[in-house]
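Taking it in order: structure first as structure tokens, then the write-up.
Residue numbers (my numbering): 714 to 821.
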């Protein structure tokens with residue numbers, strides 16, 4: 714169970730870090746951990762303390778519970794909510810928003 718949680722947490726941290734346009738180096742600096750530690754967290758090979766989880770959530774501008782949510786869930790409401798959160802993050806990045814719009818139009 715712990716391995717699955719670490720994997721989910723790592724994938725979510727990486728996803729939101731990239732959405733925010735942060736490198737691992739910058740993210741590690743902002744939350745005051747080593748880049749290697751962040752890399753281990755993102756690959757699901759290291760868990761975080763509650764203090765680090767709080768810092769991650771603060772820098773990524775999401776709640777800690779969001780970082781622990783399973784994106785592979787088939788829950789339609791959850792998928793919709795996750796999509797809205799990602800869209801909110803992207804609204805300040807016109808280039809990525811334009812790319813997303815292109816993809817969405819292709820799906821419609």
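Even glycine gets a Cβ: it sits at the ideal position worked out from N, Cα and C.
On a predicted model such as this, the values are computed, not experimentally measured, just so you know.
One alpha carbon belongs to residue 803, the other to residue 748, and they sit about 25 Å apart.
Annotation note: the segment 763–805 contains the following uninterrupted alpha helix (DSSP H) runs of length 4 or greater, listed N- to C-terminal: 763–773, 777–780 and 789–803.
Per DSSP, the continuous alpha helix (DSSP H) segment holding residue 755 begins and ends at 748–755. The three-state reading of DSSP puts residue 745 in coil, since its state is none of H, G, I, E or B.
9 Å or more divides the Cβ of residue 809 from the Cβ of residue 779.
Beyond the five residues adjoining it in sequence on each side, residue 723 comes within less than 7 Å, by CB distance, of 754, 755, 756 and 757 in the same chain, given in chain order.
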